[in-house]
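One structure is given below, encoded as structure tokens.
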Amino acid sequence: MKKLSLIMMSLLIFSLVPYAESASVGKASIDQIMLGLGESATFGDYKIQFADVDQSWTQALIKVYAKDGSLVTKGLRPTGYPPLPVPDTQNPIFYVRVSWILASNQKILISLESDLELVQGDVNITKNGEYSLPYKFNDVVIPAIKIKVTNTYDNKADVQIKLPYETITATIFEGDHHGVAYKLNGDFQYSPYLYLYLKNATTSYAVFDVYLPKYPTTVFQLGEGGTGGTTPNTPGAEPTELVYNDIMYEGENLTIDINGTEYALGLNTVGYYSSFTLFDENNNPLKSFEVKKGTGYELSEAPLVVELINYESMYKRVYLRLYAPRGTEVAPIVRDPKIEVSVSTSSTELLLNDELLVFINVENSGRGRADNVNVVASIPTGFELGSKIGTWSLNTLNPFTEMPVLVYLLKPTQVGKYELGPVVVTYYDERGIKRKVDSGDPLSITVYTIPKLFVTGEAFNGTWSTYVHTQEKTVKLKFTISAEGKDSEYEFIKNATLQLTVPDSLDGETKLYVGDLKAGETKTLESDYAILKASNSIISAKLVYQDPVGNWHEENFGNLVVVNSLPPAVEIKEVKVYPEPEELPSYVNTTLANLDNESKVELAEALKNISVSYLPPETGVNWWPIIAILFILVSAVLGYNYVDLKAKYDKALKELGRKKRRPGGLPKKEAQVLKVEETKTTETKEEQQL
-18 MKKLSLIMMS LLIFSLVPYA ESASVGKASI DQIMLGLGES ATFGDYKIQF ADVDQSWTQA
42 LIKVYAKDGS LVTKGLRPTG YPPLPVPDTQ NPIFYVRVSW ILASNQKILI SLESDLELVQ
102 GDVNITKNGE YSLPYKFNDV VIPAIKIKVT NTYDNKADVQ IKLPYETITA TIFEGDHHGV
162 AYKLNGDFQY SPYLYLYLKN ATTSYAVFDV YLPKYPTTVF QLGEGGTGGT TPNTPGAEPT
222 ELVYNDIMYE GENLTIDING TEYALGLNTV GYYSSFTLFD ENNNPLKSFE VKKGTGYELS
282 EAPLVVELIN YESMYKRVYL RLYAPRGTEV APIVRDPKIE VSVSTSSTEL LLNDELLVFI
342 NVENSGRGRA DNVNVVASIP TGFELGSKIG TWSLNTLNPF TEMPVLVYLL KPTQVGKYEL
402 GPVVVTYYDE RGIKRKVDSG DPLSITVYTI PKLFVTGEAF NGTWSTYVHT QEKTVKLKFT
462 ISAEGKDSEY EFIKNATLQL TVPDSLDGET KLYVGDLKAG ETKTLESDYA ILKASNSIIS
522 AKLVYQDPVG NWHEENFGNL VVVNSLPPAV EIKEVKVYPE PEELPSYVNT TLANLDNESK
582 VELAEALKNI SVSYLPPETG VNWWPIIAIL FILVSAVLGY NYVDLKAKYD KALKELGRKK
642 RRPGGLPKKE AQVLKVEETK TTETKEEQQL
């Protein structure tokens, strides 16, 4: 016994070697499997048997069988000899290592080893986020395992590993790893089953490499071997074979055939204590029982063991393992998927130059899986596909999962009202039958556009014009707003106002309400403005409006109308004026008179040289006209003097005739007076002649 204890302690120390290997992403192993001669252990789809031993008990013959009983490989191995690869040396998925041969007890200790293999690299898990391992790895169904990051730091991360039977917490530093063992039947465990390597950590996320054994089965059972170790035993009546390792939904019945006897296991309720009922082949209930999560229940009415691994109340399903005698057959439960498709858009109303985003949600709300899922986008009339992708496919859509939201882009090509037809999804159910489903009623999409807008301005000053000059105290302005387009139902603006930019020389309305304006319409607005001061006033405008979908826009229109209220300006301009021909002699005479003697001579000679070329040639002096003129002038002067003297003489005689003679008078005095008057008269005439 002491020797056996020493051997066992040595084996415990030796069993730590795989852990050292796994630290460098080495192997996962199931250790300390003790087999007697002819005994075997079931590992997934294989049975490992201690088939024979040499006479000295130094070498053990190991045989490996497939599930159908055929021999896969065999090898004679001493203690510590390189392990036996299964199924072959070219592509081994696991190894059988003979750890120790106990001749005294006629038993051997073996280890089952499988290389750790990358499941997925660079798995980015955000803080409080989760990552679920795939349903299968290397075509082997694996347990439902989730990794949740509860906290992250600059160089480490806190994680929760949720196994079907327990949750493990750990802190992993950057550049380090953490291995998680998976518990099997009895005291055995597959370690490290899950291997997490932390590549990078920040305060918001962590990046992992996730590893599993290359052969990730969790089916392990010790069992008796056959005589001679050449073929598997004939199936017995003990529930030692794992015959079902999957989910089961509430209300479902699992049909089990044990050596020709048919049973049905029904799941009644789902919870921490889940309720089951066993039925016979006539559907008569044999027994109802409850199984606690993480435990098993062995039935006495049939060779069955029901192990409840986990449950999900939300989906009303459990994860269970069912053990029965070897050779038991379990009919698969065929479930129907329920594919639901919904379509939504970024908007149901848009402008012609906008883009329409279409969102497609595809969800499997049924209990069955859907394979080869294909989604085809709908492109309505009046639109074109703006994105490169219009179809999507997915190999498998598991129950109660949904595809990532599918998004594609549509661009409208014309205005109008259109229908976005249903999105069609095709898939195959678990029976391999092709199914089709669509998103239902089409969506109504309306496409609008903004008409081309024009704004003109005019002022009134007897007539309408874009430029007026006025001295009035008021002026009337008129603004015309027009919209140019083809379809008034889908081309319009609304809630428009014309905001005027009016200088301080004018006073009046600066905001004129336009309202709604459809394509082909024109609106005219008039308003009076007071002229506060003389100025050259330029009026501009800004049209503010909403497009058909409610977005606000502004358009500027400059220099619409000019109002000139400045008074006429007096312009002084020096213009050189030349004298008329009849004024030239007087002008020349005046000019010469104002010059000095030297300048006079120069100018006179210059004028003479100019005028001489225009004078007729000289032909001698004709004195007769001159004499005649002088005679006429002298005759006129003498005649005039004669008439004047005669008139005065007659007047003097009349004056003398009126006077009476007085005796003793002096008549000679009167004659002197007359003589004096005549003398004065003669002098006066001479002065006039001069």
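Just so you know, the numbering used here puts 175 at position 194 of the sequence shown, and the rest follows in order with no gaps.
Ideal Cβ positions, reconstructed from N, Cα and C, are used throughout, including at glycine.
C-alpha of Asn590 to C-alpha of His450: approximately 56 Å in a straight line. Burial is judged here by how many other beta carbons sit within 10 angstroms of a residue's own beta carbon; Phe31 has at least 16 and is buried.
Distance from the Cα of Val79 is smallest, within the candidate group Ser51, Leu97, Leu588, Asp33, for Asp33.
Listed in chain order, the alpha helix (DSSP H) elements of length 4 or more contained wholly in the segment 7 to 64 amount to none.
Counting only the Cα atoms, Lys454 lies some 13 Å from Phe441.
Short of 7 Å from the beta carbon of Glu271, and not among the five residues preceding or following it, lie these beta carbons of its own chain, in chain order: Tyr254, Ser255, Ser256. Per the DSSP secondary-structure output, Arg307 pairs with nothing in a beta bridge. Beta-bridge partners assigned by DSSP to Tyr296: none are found. For Val311, same chain residues with a beta-carbon under 6 Å away, outside a window of 5 residues either side, are Val224, Tyr225, Ile237 in chain order.
By the CB criterion at 8 Å, Ala283 and Leu259 fall inside the cutoff. For Ala358, the secondary structure class from DSSP, reduced to helix, strand or coil, is coil.
Straight across, the Cα-Cα distance linking Glu98 with Tyr192 is about 5 Å. Look at the segment 478 to 502 and you find these whole runs of beta strand (DSSP E), each 3 residues long or longer: 492 to 499. Tyr568 carries a helical assignment under DSSP once its states are collapsed to helix, strand and coil.
Taking a C-beta distance under 8 Å as the contact criterion, His158 and Ala151 do not qualify as a contact pair. Exposed is the label assigned to Leu637, since fewer than 16 other Cβ atoms lie within 10 Å of its Cβ. Counting every other CB atom within 10 Å of its CB across the protein chains shown gives Arg298 a total of 16 or more, marking it as buried. Rounded to whole angstroms, the gap between the alpha carbons of Leu573 and Ser516 is 52 Å. Glu282: not part of any alpha helix (DSSP H); DSSP gives it neither H nor E. For Asn540, no alpha helix (DSSP H) encloses it; the enclosing beta strand (DSSP E) starts and ends at 533 to 545. Distance from the CA atom of Ala84 to the CA atom of Phe75, rounded to whole angstroms, is 26 Å.
Nearest to Thr377 by C-alpha distance, out of Glu400, Glu344, Val388, is Glu344.
Judged by DSSP in its simplified three-state form, Asp631 adopts helix. Excluding its 5 nearest sequence neighbours in each direction, Leu57 has C-beta neighbours in its own chain below 6 Å: Gln40, Leu42, listed in chain order. The C-alpha of Glu563 is placed about 23 Å away from the C-alpha of Val582. A check of alpha carbon separations from Ser518 across Pro124, Pro380, Lys108, Thr447 identifies Thr447 as the nearest. Excluding its 5 nearest sequence neighbours in each direction, Leu596 has no C-beta neighbour in its own chain below 7 Å.
Here Tyr389 carries a strand assignment [DSSP, helix/strand/coil]. Taking a cut-off of 8 Å for Cβ pairs, the segment 182 to 191 and the segment 91 to 105 touch, as three or more such pairs fall below it. By the Cβ test, the segment 330 to 350 is in contact with the segment 419 to 437, since at least three Cβ pairs between them sit closer than 8 Å. A straight-line Cα-Cα distance of about 10 Å links Tyr568 and Glu561.
Each of Gly421, Leu584, Ser346 was checked against the Cα of Ser325, and the nearest Cα belongs to Gly421. Contact between Leu391 and Leu375 does not hold, since their C-beta atoms are separated by about 22 Å, which reaches or exceeds 8 Å. Residue range 578 to 592 is occupied by the alpha helix (DSSP H) that includes Ile591. Arg350 is classed as buried because its beta carbon has at least 16 other beta carbons within 10 Å across all chains shown. Here the alpha carbon of Asp69 sits roughly 8 Å from the alpha carbon of Val53.
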